[in-house]
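K.L.:
The structure under discussion is supplied below as structure tokens; questions concerning it will follow.
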Amino acid sequence: MSEDKIVVNIDIDLEDLIPGFMENRQTDLQKLEQALEDQDYETLRSIGHNLKGVGGGYGFHDMTAMGTAIEEGARENKLEIVKENVTKLSHYLSNVEIVYQEE
Amino acid sequence: MDKEYRLLVVDDEQDMLVLLESMLKNGGFDVKTVTSGEDALIEMQENKPDLVITDLFMGERMNGMQLMENIHKNAPLLPVIILSGQAQIRDAVKATHMGSAAFLTKPIEKEKLLEQVGQVLNITASGRENKEFSESIIYKSNVMEELVDLSVAVAATSVTVFIMGETGTGKEILAKAIHESSERRNKPFIGINCGAIPEQLLESELFGHEKGAFTGAASRHDGLFQAASGGTIFLDEIGDMPLSLQVKLLRVLQDMEVRPVGSTKNIPIDVRIISATHRDLEEMVDAGEFRSDLYYRLKVVPLVIPKLSDRCEDIPLLADHFLEQHAQANNKKKKHLSPESLNYLMAAEWPGNIRQLNNVIELCATLSKTKNISLSLVKSGLQDRNTQMKTLKEAKSEFEKNYLIGVLKMSAGHVANAAKIAGRNRTEFYKLLGTHNIEPGKFRSKNKA
Chain E
-17 MSEDKIVVNI DIDLEDLIPG FMENRQTDLQ KLEQALEDQD YETLRSIGHN
33 LKGVGGGYGF HDMTAMGTAI EEGARENKLE IVKENVTKLS HYLSNVEIVY
83 QEE
Chain G
40 MDKEYRLLVV DDEQDMLVLL ESMLKNGGFD VKTVTSGEDA LIEMQENKPD
90 LVITDLFMGE RMNGMQLMEN IHKNAPLLPV IILSGQAQIR DAVKATHMGS
140 AAFLTKPIEK EKLLEQVGQV LNITASGREN KEFSESIIYK SNVMEELVDL
190 SVAVAATSVT VFIMGETGTG KEILAKAIHE SSERRNKPFI GINCGAIPEQ
240 LLESELFGHE KGAFTGAASR HDGLFQAASG GTIFLDEIGD MPLSLQVKLL
290 RVLQDMEVRP VGSTKNIPID VRIISATHRD LEEMVDAGEF RSDLYYRLKV
340 VPLVIPKLSD RCEDIPLLAD HFLEQHAQAN NKKKKHLSPE SLNYLMAAEW
390 PGNIRQLNNV IELCATLSKT KNISLSLVKS GLQDRNTQMK TLKEAKSEFE
440 KNYLIGVLKM SAGHVANAAK IAGRNRTEFY KLLGTHNIEP GKFRSKNKA
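The listed protein sequences derive, respectively, from chains E and G. 68 is the number that this note's numbering gives to position 86 of the first sequence; each next residue is one higher, with no gaps. To convert, take the position in the second sequence, counting from 1, and add 39; that gives this note's numbering.
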């Protein structure tokens, strides 16, 4: 399974914030999965938008890309794209390995 | 950093808030965070920050732009940086015009954020010295020094400016000085007197028109907003703008887009807007003659030019400047004012302000046969009614008001009869009375007494 690991370098100054941040993303994932089931496009768009804004700021640039795709997919009612990216996010959150670095 | 700058950060997204807090604290700043614009305004009453950083969209609550408007009502020069998850150029341009010091898009990079914050704080700390600006405005009075300081700080931004001042105080000169001191100086400065152009023409002048949009529109024409692209547009006598056009101008300010007459397409614009009036717009808003929403959009940073009589210590400098100008323009030796003449000028009322002073000096310099301008010549120059002429609009309005009072007196306050005399229907007549704040009841009671 180690080849599935996604290594992300994060600024050491943010070390204390990361556990809380990752916990919130797990909550986002649950909400996204529920919204997918309900076809609740507004919730999908809103969480996608937040992910886009917050992910890259912490150093998780892939998360920003997924958030962008979820937001745009939801805005255009393209459920398949949203679904694909929620799955990607789920895989990402399960496999991300954080390496703290001095900036 | 010698001083620890206090920053207030506003974002409804908790993860973003703690991230910004961490980045800024690591950058050496004292940071306070809140999750809404409403809380930010409360926090600011207790601790005034040096800079506010706010998210643009915060759910259903007050957005970043509204927060900035509220902040600038009490602290027009407090820098505000706006963050947005949407990289919309239109939002960025609009934010700049509303007075934001910078516009950053998410995801936020620490280096970029700290660089931007540093730049913004430097602007506010150092923007006070500008010799060029001071040279174009002649003054030594404290009241003008304060105005110039404020204007120089404003010039460093693209914020919308509103200049208030009596007729002849130099509103256009100040607007030009702000443009010349800004980064827009190499782009056009375009001024237009909103009261001098008929309503139908004004719309097409400002926003342009398409070919065939109206009779006589033989070709397409770019409006002044487009012509001033990248520069500054100066809307003089904004108080004279008709209500129908006020709505259209409001839309331009909200969206930073213009729609030419006869076109279905909006064209984005990048123009700094400076407006001015000698009228009391607040009074006009109360009377329903000026839209309050437009008033607050225009009045992001209000600048008040004092009357000449409130800065009489500047009169010798100004008079000397006009004498110099007159000598150069006519290729003659410069004339001088005797000390008594100067004292007389300094004690005068000057209802026409600097324009009137210029006219009087010009007249005296032309008529004086000696090198020194005598007191008697100055006195007669000041009595010249021509220097105090009203504008046609002011004269018409005054005539209309006196006429309405006359017919009301004649009809003992009976509106239907007064309207008949005036050849208007009652509704129209009431509207006219409203425009001039005339209360017909007063004429009734007076006549009965």
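The beta carbon of each residue, even a glycine, is placed where N, CA and C say it ideally should be. The structure displayed is predicted, hence computed values, not measured ones.
Just reading off the alpha helix (DSSP H) that Gln16 of chain E is part of, what are its end residues?
P.N.:
Its alpha helix (DSSP H) spans residues Ile0 to Asp20.
K.L.:
Below 8 Å CB to CB, which residues in the same chain sit around Leu75 of chain E once its five sequence neighbours on both sides are set aside?
P.N.:
Closer than 8 Å at the Cβ level, and outside the excluded window around Leu75 of chain E, lie Met4, Arg7, Gln8 and Leu11.
K.L.:
Please list the residues of the segment 52 to 66 of chain G that have a C-beta atom closer than 7 Å to any C-beta atom in chain E, keeping them in chain order.
P.N.:
Residues Glu52, Asp54, Met55, Val57, Leu58, Ser61 and Asn65.
K.L.:
Would Phe264 of chain G pass as a contact of Ala214 of chain G if the rule is Cβ separation under 7 Å?
P.N.:
Cβ atoms of Phe264 of chain G and Ala214 of chain G: not closer than 7 Å.
K.L.:
Suppose contacts are defined by Cβ-Cβ distances below 7 Å. Is Gln125 of chain G in contact with Ala141 of chain G by that definition?
P.N.:
Their beta carbons are not under 7 Å apart, which means Gln125 of chain G does not touch Ala141 of chain G by this criterion.
K.L.:
Measure from the C-beta of Lys145 of chain G to each C-beta in chain E and report whether the shortest distance is under 7 Å.
P.N.:
Answer yes: the Cβ-Cβ gap between Lys145 of chain G and chain E drops below 7 Å somewhere.
K.L.:
How many Å lie between Glu205 of chain G and Leu416 of chain G at the Cα?
P.N.:
Cα to Cα, Glu205 of chain G sits roughly 26 Å from Leu416 of chain G.
K.L.:
State the DSSP-derived secondary structure class of Ala461 of chain G, mapped to helix, strand or coil.
P.N.:
Ala461 of chain G falls in the helix class under three-state DSSP.
K.L.:
At what residue ranges does the segment 246 to 281 of chain G contain a whole run of the beta strand (DSSP E), taking only runs of 3 or more?
P.N.:
Listed in chain order, the complete beta strand (DSSP E) runs (minimum 3 residues) inside the segment 246 to 281 of chain G are 271 to 275.
K.L.:
Select from the segment 99 to 129 of chain G all residues with a C-beta closer than 8 Å to any C-beta belonging to chain E, and list them in chain order.
P.N.:
Going along the segment 99 to 129 of chain G in chain order, one finds Gly124 with a Cβ nearer than 8 Å to chain E.
K.L.:
Tell me which residue opens and which closes the beta strand (DSSP E) that Phe491 of chain G is part of.
P.N.:
Since the displayed chain G opens at 40 and closes at 488, residue 491 of chain G lies outside it and no answer follows.
K.L.:
Among E:Glu58, E:Lys(-13), E:Thr46 and E:Asn32, which one has its Cα closest to the Cα of Asp51 of chain G?
P.N.:
Cα-wise, what sits closest to Asp51 of chain G is E:Asn32.
K.L.:
For Asp69 of chain G, list the residues DSSP reports as bridge partners.
P.N.:
DSSP lists G:Arg45 as partners of Asp69 of chain G.
K.L.:
Just to confirm before moving on: does the CB-CB distance between Thr50 of chain E and Gly38 of chain E stay below 7 Å?
P.N.:
For Thr50 of chain E and Gly38 of chain E, no; Cβs fall outside 7 Å.
K.L.:
I'd like to know if the segment 399 to 413 of chain G and the segment 210 to 226 of chain G are in contact, where contact means that at least 3 CB-CB pairs between them fall below 8 Å.
P.N.:
The segment 399 to 413 of chain G vs the segment 210 to 226 of chain G: no contact.
K.L.:
Using the Cα positions of Leu63 of chain G and Glu84 of chain E, report the straight-line distance between them to the nearest angstrom.
P.N.:
One C-alpha to the other measures close to 17 Å.
K.L.:
Going by CA-CA distance only, name the one from G:Pro345, G:Leu337, G:Ser413 and G:Gly207 that's closest to Gln395 of chain G.
P.N.:
Of the candidates G:Pro345, G:Leu337, G:Ser413 and G:Gly207, the one whose C-alpha sits nearest the C-alpha of Gln395 of chain G is G:Gly207.
K.L.:
Would you say Leu(-1) of chain E reaches chain G, if we count a Cβ-Cβ gap shorter than 7 Å as a contact?
P.N.:
Closer than 7 Å to some Cβ of chain G, the Cβ of Leu(-1) of chain E qualifies, so yes.
K.L.:
Compare the C-beta of Asn67 of chain E against all C-beta atoms of chain G and say whether one is closer than 7 Å.
P.N.:
Chain G, which has no Cβ nearer than 7 Å to the Cβ of Asn67 of chain E, makes this no.
K.L.:
Any beta-carbon of chain G closer than 7 Å to the one on Lys70 of chain E?
P.N.:
Chain G, which has no Cβ nearer than 7 Å to the Cβ of Lys70 of chain E, makes this no.
K.L.:
Taking the alpha-carbon positions, what's the Glu322 of chain G to Lys374 of chain G distance?
P.N.:
Rounded to whole angstroms, Glu322 of chain G to Lys374 of chain G spans 44 Å at the Cα level.
K.L.:
For chain G, check one thing: does any of its Cβ atoms lie closer than 7 Å to the Cβ of Asn32 of chain E?
P.N.:
Yes, Asn32 of chain E lies at the interface with chain G (some Cβ there is under 7 Å from its Cβ).
K.L.:
List, from N- to C-terminal side, the alpha helix (DSSP H) runs of 4 residues or more that fit wholly inside the segment 17 to 80 of chain E.
P.N.:
The qualifying runs are 23 to 40, 43 to 57 and 61 to 77.
K.L.:
Kindly indicate which three-state DSSP category Arg350 of chain G falls into: helix, strand or coil?
P.N.:
In this structure, Arg350 of chain G counts as helix in the three-state DSSP scheme.
K.L.:
Is Val339 of chain G near His111 of chain G, with beta carbons less than 7 Å apart?
P.N.:
Yes; because the gap between Cβ atoms is below 7 Å, this pair is in contact.
K.L.:
For the putative contact between Met295 of chain G and Cys233 of chain G, defined by C-beta atoms under 8 Å, what is the C-beta separation to the nearest angstrom?
P.N.:
Incorrect: roughly 19 Å between the Cβ atoms, too far for contact.
K.L.:
Between the beta-carbon of Phe482 of chain G and the beta-carbon of Gly462 of chain G, is there less than 7 Å?
P.N.:
No.
K.L.:
Please say whether Val300 of chain G and His248 of chain G have beta carbons closer to each other than 7 Å?
P.N.:
In contact: His248 of chain G and Val300 of chain G (Cβ atoms closer than 7 Å).
K.L.:
Compare the C-beta of Asn6 of chain E with all C-beta atoms of chain G and state if any pair is closer than 7 Å.
P.N.:
Chain G, which has a Cβ nearer than 7 Å to the Cβ of Asn6 of chain E, makes this yes.
K.L.:
Give the DSSP-derived three-state secondary structure of Thr93 of chain G in the structure shown.
P.N.:
Thr93 of chain G: strand per DSSP, three-state reduction.
K.L.:
Confirm, please, whether the CB-CB distance from Ile80 of chain E to Asn67 of chain E is below 7 Å.
P.N.:
Their beta carbons are not under 7 Å apart, which means Asn67 of chain E does not touch Ile80 of chain E by this criterion.
K.L.:
Suppose contacts are defined by Cβ-Cβ distances below 7 Å. Is Arg72 of chain G in contact with Val48 of chain G by that definition?
P.N.:
At residue 72 of chain G the sequence reads Thr, which differs from the Arg that was named. Yes, the Cβ-Cβ distance between Thr72 of chain G and Val48 of chain G is below 7 Å.
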